[in-house]
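Asker: Counting from 266, one number per residue, gives the positions in the sequence shown under our numbering. Beta carbons are placed, not taken as given, at the ideal position from N, Cα and C, and that holds for glycine. Only a predicted model underlies this, so the values are computations on that prediction, with no experimental measurement involved. Following this message is one structure expressed as structure tokens.
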Amino acid sequence: MAVRATAVRVTAVRAWECLDSRGHPTVGCLVTVGSGASAAALVPTGASTGQFEVADLRDGGDRYAGLGVRAAVAMIEGEIADAVVGWPVDEVDEVLTGPSNVTLGVSTAAAKAGAVAAGVPFWRYLADGGPVSLPCPMVNIFSGGRHAEGGGTVQDYLAIPTGATTFAEAIEHVWRVRRRAAELVEAEHGRLWSRLVADEGGLALPGGDDERPLALLASAIADTGLPVGIAIDVAATQVPDPEALLTTLTRWCADYPIVSVEDPLGDNDWTGWADATTRLAPRQVVGDDLFATDAERVATGAKYGAANAVLVKPNQIGTLTGARAALLAARAAGFRTVVSARSGDTEDDTIADLATGWNAGQIKVGSVHRSERLAKYNRLLRLETVDRLPYAGWPG
Ligand code: 2PG
Ligand code: MG
């Protein structure tokens, strides 16, 4: 965390139960510091959660189908507040332990409060004098798997604007691809399917065919004539037969303009991953569940040559310090980094600042529909236009 605010100490921590984009309960947190500055953060929740990520705490019982977070809220306002009140705001993460929805809101709100107290935007506070850039977005166009139950097994089919030179142009390129894809869906399946959106704002198809969304996305890109590549998140930990899917995926890579593949295998198969990374080269191969935003797992991956990019999801590890450590471990290994939202997210736009201030290079927050997704894109559009921050672009 930034070192600037060492004199600023936490004076109060509040938490509450709120709702995420799936309508599931999640944790909101407000941290106040000595200067009177305060900041809030809302915690996201994944659906395709890996075995190595820090679990969140759910109440069980009858309220909200067992998904309530009152126990997490009580922990934050009890033992966590006792531990962090009086603590320097930039060292709060050192004393945070527990379920991810207990620690992440406090970690994030404290860091943001530190930025408010320092009088600087959060991205600048995070950068602490280092380089910053607006990330290249990978944008969900079709969803399946756990994000569009009833669709196919592959989770995300995304568009990467490979030729845009500004963030605004990048968003416009993928917007045009999504619009064309919706037209193709409408022609094939009717208006309803072209209008309904999945968990991350993407389209979904009936029928469960894993290749059809890919073919439609490729057609949409070709029809627009724009420089846009395809990314796929297999989310293989959720797939019944990942080996068979990997064979299919290799064929897809030959047949379609795929530039990035995420989680093509399960999260325990380091040698399989190393193999797949070689086979899929020169594409970007992203580890999500494989690394679980854990610096040690990233270092292991680097040793094996498993993946060449890391998805960074702060709630997988529970604190911003932990997420940053994973990002730095990736960078040390020469891996690319993609800061990512969760499929259950909120209007909280903090990760736009994380991706920018940490100079991550890429961001994955869903489609260009649904306001919990657009909150992040809109923040980045503002940072480009008003703050004139440079755009990272696709690394090629
Ligand atoms: C992923 C994420 C975001 P979830 O697998 O990359 O798309 O999904 O938050 O459900 O883990
Ligand atoms: Mg993933």
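#1: Which value, in whole angstroms, describes the spacing of the CA atoms of Asp358 and Gly552?
#2: Give me the DSSP bridge partner(s) of Ala280.
#3: Go through the region 584–616 residue by residue and report every complete run of the beta strand (DSSP E) that reaches 3 residues or more, in order.
#4: Mind listing, in chain order, the continuous alpha helix (DSSP H) runs of no fewer than 4 residues lying wholly within the region 457–497?
#5: Between Glu282 and Leu322, what straight-line distance do the alpha-carbon atoms span, to the nearest angstrom?
#6: Do you know how far the Cα of Ala435 is from the Cα of Leu491?
#7: Would you call the CB atoms of Thr368 and Gly583 closer than 8 Å?
#8: Indicate the three-state DSSP secondary structure (helix, strand or coil) for Phe432 in the structure shown.
#9: Using the C-alpha atoms, what's the distance from Ala590 back to Ala496?
#10: Taking a contact to mean a Cβ-Cβ separation below 8 Å, would you say Arg460 touches Thr489 in this structure?
#11: So within the region 294–377, which uninterrupted alpha helix (DSSP H) runs reach at least 4 residues, ignoring any that extend past its ends?
#12: Please report the residue range of the beta strand (DSSP E) in which Gly626 lies.
#13: Compute the distance between the beta-carbons of Ala617 and Leu639, then report whether it is under 8 Å.
#14: Using the DSSP secondary-structure output, state which residues sit across from Pro402 in a beta bridge.
#15: Is the closest heavy atom of the ligand 2PG to the C-beta of Glu451 under 7 Å?
#16: Please confirm whether any heavy atom of the ligand MG lies closer than 7 Å to the CB of Glu359.
#17: Is the separation between the beta-carbon of Val499 and that of Gln420 shorter than 8 Å?
#18: How is the alpha helix (DSSP H) around Ser525 delimited, first residue to last?
#19: Given a cut-off of 8 Å, decide if Leu555 and Ala541 are closer than it, judged by their beta-carbon atoms.
#20: Tell me the DSSP bridge mates of Gly552?
#21: Just to confirm the assignment, what range does the alpha helix (DSSP H) spanning Tyr642 have?
#22: Would you tell me roughly how many angstroms separate the C-alpha atoms of Thr558 and Gly311, rounded to the nearest one?
#23: What is the DSSP secondary structure of Ala424, reduced to helix, strand or coil?
#24: To the nearest angstrom, how far is the alpha carbon of Gly661 from that of Thr276?
#25: Just verifying my parser: in three-state terms, what is the DSSP assignment at Arg274?
#26: Is Asp532 near the ligand PLP, with its Cβ less than 7 Å from a heavy atom?
#27: Would you call Asn366 buried or exposed, if buried means 16 or more other Cβ atoms sit within 10 Å of its Cβ?
Answerer: On the basis of the data shown:
#1: Between Asp358 and Gly552, the C-alpha separation is close to 24 Å.
#2: Ala280 is bridged to Cys294.
#3: Those beta strand (DSSP E) runs which fall completely within the region 584–616 and span 3+ residues are 601–605.
#4: The region 457–497 contains these whole alpha helix (DSSP H) runs: 476–489.
#5: Cα to Cα, Glu282 sits roughly 12 Å from Leu322.
#6: If you draw a straight line from the Cα of Leu491 to the Cα of Ala435, it comes to about 10 Å.
#7: Cβ atoms of Thr368 and Gly583: closer than 8 Å.
#8: Of the three classes helix, strand and coil, the one that applies to Phe432 here is helix, per DSSP.
#9: Ala496 and Ala590 have their C-alpha atoms some 25 Å from each other.
#10: Against a cut-off of 8 Å, the Cβ pair of Thr489 and Arg460 comes out as no contact.
#11: If only uninterrupted alpha helix (DSSP H) runs of at least 4 residues are considered, those enclosed by the region 294–377 are 335–340 and 346–349.
#12: Gly626 to Gly631 is the span of the beta strand (DSSP E), which, as asked, contains Gly626.
#13: No, these two residues do not count as a Cβ contact at 8 Å.
#14: DSSP output for Pro402 lists Ile628 as bridge partner(s).
#15: No, the ligand 2PG has no heavy atom inside 7 Å of this Cβ.
#16: Flag unset: Cβ of Glu359 not near the ligand MG.
#17: Using a Cβ distance threshold of 8 Å, Val499 and Gln420 count as a contacting pair.
#18: Unbroken run through Ser525 is the beta strand (DSSP E), Ile523 to Glu527; no alpha helix (DSSP H).
#19: Not a contact, by the Cβ cut-off of 8 Å.
#20: Val575.
#21: From DSSP, the alpha helix (DSSP H) with Tyr642 extends over Ser636 to Thr650.
#22: Approximately 13 Å, taken between the alpha carbons.
#23: Three-state result, Ala424: strand.
#24: Computed Cα separation, rounded: 46 Å.
#25: It is a strand residue.
#26: Annotation note on the ligand PLP: not contained in the displayed structure, which lists the ligand 2PG and the ligand MG as its ligands.
#27: Classification for Asn366: buried.
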